[in-house]
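Peer 1: Okay, handing you the structure first.
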Amino acid sequence: MRTRTAFLYTLCAFHGIAAFYLPGLAPVNYCKAGETTPTCKSEIKLYVNRLNTEKYVIPYEYSHFDFCTVEDGQSPVENLGQVVFGERIRPSPYKLEFLKNVKCATVCSKTYSSDEKSEKKLQLLRKGIAVNYQHHWIVDNMPVTWCYQLEDERQYCSTGFPMGCYSKEFRSQQDTCTIHGPYNKLKTYYLFNHVNLTITYHSGATEEWGSSFKENGGRIISVKVVPHSIKHTATVDCESQTSLEIPTEILADKTFQVTYTYSVKFVKNNSIKWSSRWDYILESMPHSNIQWFSILNSLIIVLFLSGMVAMIMLRTLHKDIARYNQAYFQIESGEDAQEEFGWKLVHGDVFRPPRKGMLLSVLLGSGVQVFFMTLVTLAFACLGFLSPANRGALMTCAMVLYVCLGTNAGYVAARIYKSFGGEKWKSNVLLTSMLSPGIVFGLFFIMNLIFWVNGSSAAVPFSTLIALLALWFGVSVPLTFIGAYFGFKKRALEHPVRTNQIPRQIPEQNFYTQPIPGVIMGGVLPFGCIFIQLFFILNSLWSSQVYYMFGFLFLVFLILVITCSETTILLCYFHLCAEDYHWWWRSFLTSGFTAVYLLIYCIHFFVTKLDIEGATSTFLYFGYTFIMVYLFFLLTGSIGFFACFWFVRKIYSVVKVD
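Given below as structure tokens:
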């Protein structure tokens, strides 16, 4: 009964967190034209973002496809996270005023002839439609959503809507042309040149903030879009049933005209509060039918099993220590004592410095940097500072934290390296500040070149690359040197037992205590903690969906830390009992092997869940995946190492040694 009550409290806490952080930014009040005040405006700005598709990992700017644009409009300032992630938010030519319904307004017209320039533009439109590139529009810092029914009759609201549809012979019920109904002419490109916008607002009539509006003001709750393909004649007619088909070629004496139009309708709904306006998007996410109870129950089981492992180890260790100390006192009193056995036998070798100690210390320093970056970022996200409404904030926070935590990396790497007896402090500091950031930046730079060659909006501008390099060499590297200075200045760590001059011979090991099987087994349980949550993360990354379960992710992260620690300690204890004292690298690789399972899962996700086509997009997918896997390897490896380091120092400090 207590367990069930605690579980319900936990569930309520997570729902409370979600309700707190999703609004993200301060509300904006809108008024009817003619009644504007400094705190209430009538103009509603509609911004357009990049277009992307699930078939290719190459997004494009809105202007890439020859849509209607604004020449003198001012783009909103984008933060570092938005630029790195490839968001390109631009003003649009769509004019919206609060409470002003619009019917069939013309945005602009585009005329194409048979020349090469026109053919190139039409070819881009055909290609974009064929691979289902999606618009992403923003109104009042909310995504404009396209809502439709799924096969199970559940409504799904997407944060993007298609630029058109290509009618092919074999298509599913969720195909873009099928959803829209009349577009069924085979091998035809339909361009969605008209949008119906429905803006739902809360009038504030019963709220304190809306007392001065008198039904002529309010706050925007949602903006939904329904795209249509309409072939306008000499007069613009949005009721026309004739669809706009993009021709495969234009005859020499002919032209092809596209007229872009829109309609706007305002709907009052005082039952939905402004603070809950994201709910309809989040609740309609695909696969959200996986219930919280089943997920949390599985995590509680993992935590319970980890607790059992910890209890068994504590009891076994307690008996070992008591037996070893009894033998020690027998020797001191002159009595016959049993010969030493188990992990006490290797006390003279257990703290012998490992091979490649320089590399291990550098990886551990970088791992600590990633650990605290992840911990603080998730904590901020749980507190509501990094909500989906605050675009790019999560990535910006993570990058700034990583740069500022160079001090921790330098300090830890220096302390560990000095405990190994290392003296090449300059090499240690340089490797700590250059190796891991260099691997990540090198991959990022190669992928950025690919984006640049393809003319993608995801290509980071040269000025941003210079800013990233300035953060690295101007902030992170000096901080790493400062941390390393204090680390080397401190006395070397004193181990609880002395190290023998002559290394002890390791007896022949059975299959389960050999290094490779132990390392492979070590990553299974930690990966079991994260694989459900991993699906949601990958789905949000590659399917342009909003990720919002930061409270739950923080819980998963804590359980991952506990599981990595206990699994590594358990396997380390078994290896020491088998008189194998090479635990330094093994402890790092045991929990770090979880990253290999992560890589395997990402490959499985790519093959079974995604529809990515082309060698370029495949390379980009695995490039981003390798960065994620490498950082996860540093994170989990460092967790396992320091847990094992604490454990080994603890057990050899409480046992009596000759």
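Count along the sequence shown from 1, then add 451; that gives the number in the numbering used here. Here a beta-carbon is modelled for each residue, glycine too, at the ideal position from N, C-alpha and C.
Sorted by chain position, which residues of the same chain lie with C-beta nearer than 8 Å to Ile404's C-beta, five sequence neighbours on each side aside?
Peer 2: Because the chain spans 452 through 1109 in this model, residue 404 falls outside it and cannot be assessed.
Peer 1: Taking only the alpha-carbon atoms, compute the straight-line gap between Leu637 and Val997 and give it to the nearest angstrom.
Peer 2: 34 Å
Peer 1: Please say whether Val715 and Asn552 have beta carbons closer to each other than 8 Å?
Peer 2: yes
Peer 1: Which ranges would you report for the alpha helix (DSSP H) in the region 973-1024 if only whole runs of at least 4 residues count?
Peer 2: Listed in chain order, they are 975-993.
Peer 1: Bridge partners for Ser618 per DSSP, in chain order?
Peer 2: Thr639
Peer 1: Cβ atoms of Trp794 and Leu1021: under 8 Å apart, would you say?
Peer 2: Not in contact: Leu1021 and Trp794 (Cβ atoms no closer than 8 Å).
Peer 1: CB-CB under 6 Å to Val827, same chain, minus the five flanking residues each way: which ones, in chain order?
Peer 2: Leu852
Peer 1: Quick check on Gln606: buried or exposed, where buried means 16 or more other Cβ atoms within 10 Å of its Cβ?
Peer 2: exposed
Peer 1: Identify, in the order they occur along the chain, each residue of the same chain with its Cβ nearer than 7 Å to the Cβ of Thr557, setting aside the five sequence neighbours on each side.
Peer 2: Val687, Thr710 and Thr712
Peer 1: What's the C-alpha gap between Trp993 and Phe937?
Peer 2: 42 Å
Peer 1: Identify the continuous alpha helix (DSSP H) that holds Val827 and give its terminal residues.
Peer 2: Gly808 to Leu834
Peer 1: Ser1068 and Val479 - do their beta-carbons sit closer together than 8 Å?
Peer 2: no
Peer 1: Going by other Cβ atoms of all chains shown within 10 Å of its Cβ, with 16 needed for buried, is Trp588 buried or exposed?
Peer 2: Buried, because 16 or more other Cβ atoms sit within 10 Å of the Cβ of Trp588.
Peer 1: Quick test of your reading: Gln585 and Thr520, contact by CB under 8 Å. State the CB separation rounded to the nearest angstrom.
Peer 2: Gln585 to Thr520, Cβ: 18 Å. No contact.
Peer 1: Measure the CB-CB distance between Thr1018 and Cys1095 and report whether it falls below 8 Å.
Peer 2: In this structure, Cys1095 does not lie closer than 8 Å to Thr1018 by Cβ.
Peer 1: Using only CA atoms, which one of Gly893, Leu1009 and Cys1053 lies nearest to Phe823?
Peer 2: Leu1009
Peer 1: Starting from Ser673, follow the alpha helix (DSSP H) in both directions and report where the run begins and ends.
Peer 2: From DSSP, Ser673 is part of no alpha helix (DSSP H) but of the beta strand (DSSP E) over Gly668 to His679.
Peer 1: Which residues share a DSSP beta bridge with Arg541?
Peer 2: Val499
Peer 1: Among the candidates Gln692, Ser569 and Gly655, whose CA atom is the shortest distance from the CA of Ile723?
Peer 2: Of the candidates Gln692, Ser569 and Gly655, the one whose C-alpha sits nearest the C-alpha of Ile723 is Gly655.
Peer 1: Taking only three categories from DSSP, how would you classify Phe1118?
Peer 2: Past the edges of the chain, shown from 452 to 1109, lies residue 1118, and the structure says nothing about it.
Peer 1: Does the separation of the CB atoms of Tyr641 and Ser694 fall below 8 Å?
Peer 2: yes
Peer 1: Checking 8 Å against the spacing of the C-beta atoms, do Pro977 and Thr1087 come in under that value?
Peer 2: yes
Peer 1: Kindly list the residues whose CB is nearer than 7 Å to the CB of Asn899, restricted to its own chain and excluding five residues on each side of it in sequence; keep chain order.
Peer 2: Ala910 and Val911
Peer 1: Please identify the residue among Trp923, Val534 and Lys719 whose C-alpha is closest to the C-alpha of Phe913.
Peer 2: Nearest Cα to Phe913 within the set Trp923, Val534 and Lys719: Val534.
Peer 1: Contact between the region 554-574 and the region 873-893 is defined here as three or more beta-carbon pairs at a separation below 8 Å; is this criterion met?
Peer 2: no
Peer 1: What does the Cβ neighbour count give for Ala1066, buried or exposed, with the cut at 16 atoms within 10 Å?
Peer 2: exposed
Peer 1: Where do the N-terminal and C-terminal ends of the alpha helix (DSSP H) with Asn899 fall, by residue?
Peer 2: Trp876 to Val904
Peer 1: Report the partner residues of Trp588 according to the DSSP bridge assignment.
Peer 2: Val499, per the DSSP bridge assignment.
Peer 1: Quick test of your reading: Gly1091 and Ser1042, contact by CB under 8 Å. State the CB separation rounded to the nearest angstrom.
Peer 2: Contact annotation, Gly1091 with Ser1042: C-beta distance approximately 3 Å; criterion of less than 8 Å satisfied.
Peer 1: When the Cα atoms are used, what is the spatial distance from Leu411 to Gly537?
Peer 2: Beyond the ends of the chain as shown, which are 452 and 1109, falls residue 411; an answer cannot be given.
Peer 1: From Leu796 to Asn951, what does the alpha carbon distance come to, in whole angstroms?
Peer 2: 12 Å
Peer 1: Let me check understanding here. Comparing Cα to Cα, which of Phe707, Val854 and Gln525 lies closest to Tyr498?
Peer 2: Gln525
Peer 1: By the 10 Å Cβ neighbour count, where 16 or more other Cβ atoms means buried, how is Phe1097 classified, buried or exposed?
Peer 2: Note that residue 1097 is Trp in the sequence shown here, rather than Phe. Of the other Cβ atoms in all chains shown, fewer than 16 fall within 10 Å of the Cβ of Trp1097; this residue is therefore exposed.
Peer 1: Determine, using beta-carbon pairs with one atom in the region 880-897 and one in the region 832-848, whether at least three such pairs fall under 8 Å.
Peer 2: no
Peer 1: In angstroms with no decimal places, state the Cα-to-Cα distance between Tyr472 and His645.
Peer 2: Low confidence applies here, because Tyr472 scores a pLDDT of 38, under 50, leaving its location unreliable; read the following figure in that light. Distance between the alpha carbons of Tyr472 and His645 is about 35 Å.
Peer 1: Could you give the distance in angstroms between the alpha-carbon of Pro954 and the alpha-carbon of Leu881?
Peer 2: 31 Å
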